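Q: Structure in structure tokens, see below.
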Ligand SMILES: NC(=O)c1ccc[n+]([C@@H]2O[C@H](COP(=O)([O-])OP(=O)(O)OC[C@H]3O[C@@H](n4cnc5c(N)ncnc54)[C@H](O)[C@@H]3O)[C@@H](O)[C@H]2O)c1
């Protein structure tokens with residue numbers, strides 16, 4: 005048997021990570037680059053994407069920044085076309101960009117519903133489309149989508165978010181069936197509570213300082229209900245994405261991985 009570490013090696017691979025300006029996306033870009041991939045760090049927040057790319061290149065790994073609004077079909081197509089033209093291929097597409105919205109169903113406006121559908125659902129769909137077209141022609145590739153533990157346990161005020169994440173799981177399975185014969189794999193992750201700016205805003209002051217008391221009030225009930233008795237870190241998800249991006253998972257497609265500390269075991 006060859007060295008199992010080789011199966012996780014991404015040397016020579018070309019990866020695109022959306023949402024790479026923050027949280028899980030930034031850590032995913034860092035981990036994929038550290039594993040050897042040339043990573044395009046894409047985000048609608050240009051300076052944040054640039055900061056991630058700078059942190060990658062500072063380590064000697066390969067990263068570049070790109071500005072994209074994943075809700076804009078043409079912008080996503082152009083991003084993939086540009087990466088493929090410049091680097092000859094696209095091996096990994098991680099659709100990480102997402103937003104959250106806390107509202108009761110009865111209070112949700114059509115505009116707010118449209119917004120979360122546009123980013124979390126259509127954004128992932130557009131990323132899948134653009135990558136799948138390229139990868140099918142290429143005859144290989146791995147697409148990784150971000151779903152959420154919100155699909156496993158209904159929670160009040162998260163209907164829009166949970167709906168989009170359930171749809172992403174189903175999109176993942178359907179696309180896996182469609183492109184599997186061409187050698188392209190499609191998987192998703194349904195992480196539990198991961199400490200990132202998305203969840204941190206509940207206890208972060210406008211100047212960026214953390215209110216430790218409010219943080220503990222938010223985190224404690226989640227931690228105590230988690231079999232592993234801790235909340236997640238971006239790296240917990242990024243390493244699962246590395247597995248799905250790499251040859252280590254070459255017989256996995258259409259699956260939903262759950263880095264969630266055990267909060268749901270469907
Ligand atoms: N943090 C958690 O507990 C958790 C749990 C399960 C799933 N997720 C999912 O993981 C993904 C990353 O979440 P995070 O916690 O790192 O969030 P985050 O808010 O820290 O980062 C999200 C990034 O996506 C970018 N983004 C948002 N809309 C965009 C758009 N239209 N086009 C391009 N970029 C856009 C933001 O600028 C930001 O850099 C999301 O899809 C989220 O739903 C997060």
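Residue numbers (this note's numbering): 5 to 270.
Glycine residues also receive a C-beta, built at the ideal position from the N, C-alpha and C atoms.
The structure displayed is predicted, hence computed values, not measured ones.
So, helix, strand or coil for residue 203, using DSSP?
A: DSSP places residue 203 in helix when its eight states are reduced to three.
Q: One question on the structure: do residue 32 and residue 98 come within less than 9 Å of each other, judged by their Cβ atoms?
A: Yes. Within cutoff.
Q: If you draw a straight line from the alpha carbon of residue 171 to that of residue 126, how long is it in whole angstroms?
A: Taking the straight line joining both Cα atoms gives about 10 Å.
Q: Quick check on residue 72: does DSSP put it in helix, strand or coil?
A: Three-state result, residue 72: coil.
Q: Contact between the segment 155–171 and the segment 205–215 is defined here as three or more beta-carbon pairs at a separation below 8 Å; is this criterion met?
A: Output reads no: the segment 205–215 does not touch the segment 155–171.
Q: Alpha carbon to alpha carbon, how far is residue 180 from residue 46?
A: Cα-Cα distance, rounded: 24 Å.
Q: Looking at the unbroken beta strand (DSSP E) that takes in residue 21, where does it start and where does it end?
A: Start and end: 18–22.
Q: If we require 3 or more residues per run, which beta strand (DSSP E) segments fall completely within the segment 141–195?
A: List check, beta strand (DSSP E) in window: 145–150 and 188–193.
Q: Buried or exposed: residue 197, going by 16 or more other Cβ atoms within 10 Å of its Cβ?
A: Looking at its Cβ environment, which holds 16 or more other Cβ atoms inside 10 Å, residue 197 is buried.
Q: What is the C-beta distance between residue 138 and residue 84, in whole angstroms, given that I count them as a contact (C-beta under 8 Å)?
A: Yes, they are in contact, since the Cβ atoms of residue 138 and residue 84 sit about 6 Å apart, within 8 Å.
Q: Counting pairs of Cβ atoms below 8 Å between the segment 149–164 and the segment 176–193, do you hit three or more?
A: Yes, the segment 149–164 touches the segment 176–193.
Q: Whole angstroms are fine: how far does the CA of residue 233 sit from the CA of residue 262?
A: About 16 Å.
Q: With a Cβ-Cβ cutoff of 9 Å, do residue 57 and residue 43 count as a contact?
A: Their beta carbons are under 9 Å apart, which means residue 57 touches residue 43 by this criterion.
Q: Give every residue of the same chain whose Cβ lies closer than 7 Å to the Cβ of residue 48, excluding the five residues on either side of it in the sequence, and list them in chain order.
A: Answer for residue 48: 71, 72 and 73, listed in chain order.
Q: Taking a contact to mean a Cβ-Cβ separation below 9 Å, would you say residue 80 touches residue 131 in this structure?
A: Against a cut-off of 9 Å, the Cβ pair of residue 131 and residue 80 comes out as a contact.
Q: Does the beta-carbon of residue 78, which I'm using as the reference point, lie nearer than 8 Å to any heavy atom of ligand 3?
A: Only ligand 1 can be found as ligands here, which leaves ligand 3 out of the picture.
Q: Can you grab the Cα-Cα spacing for the pair residue 109 / residue 159, in whole Å?
A: In a straight line, the C-alpha of residue 109 is about 11 Å away from that of residue 159.
Q: When the Cα atoms are used, what is the spatial distance from residue 252 to residue 145?
A: Distance between the alpha carbons of residue 252 and residue 145: 13 Å.
Q: Under the criterion of a Cβ to heavy atom distance below 8 Å, does residue 202 qualify as lining ligand 1?
A: Yes, the beta carbon of residue 202 sits closer than 8 Å to at least one heavy atom of ligand 1.
Q: So is the beta-carbon of residue 199 under 8 Å away from any non-hydrogen atom of ligand 1?
A: Checking the Cβ of residue 199 against ligand 1 gives yes.
Q: Taking 6 Å as the limit between beta carbons, can you name the residues of its chain near residue 35, skipping five residues before and five after?
A: Contacts found: 242 and 246.
Q: Roughly how many angstroms separate the alpha carbons of residue 100 and residue 204, rounded to a whole number?
A: Roughly 17 Å between the two C-alpha positions.
Q: Quickly, what does DSSP pair residue 98 with across the bridge? List them, please.
A: DSSP output for residue 98 lists 21 and 148 as bridge partner(s).
Q: Once DSSP output is grouped into helix, strand and coil, what is the label at residue 42?
A: Three-state result, residue 42: strand.
Q: Near residue 176, which residues of its chain fall below 6 Å by C-beta distance, leaving aside the five closest residues on each side in sequence?
A: Within the same chain, residue 176 has close Cβ partners 149, 190 and 192.
Q: Can you grab the Cα-Cα spacing for the pair residue 240 / residue 69, in whole Å?
A: Looking at the two C-alpha atoms, the distance is approximately 23 Å.
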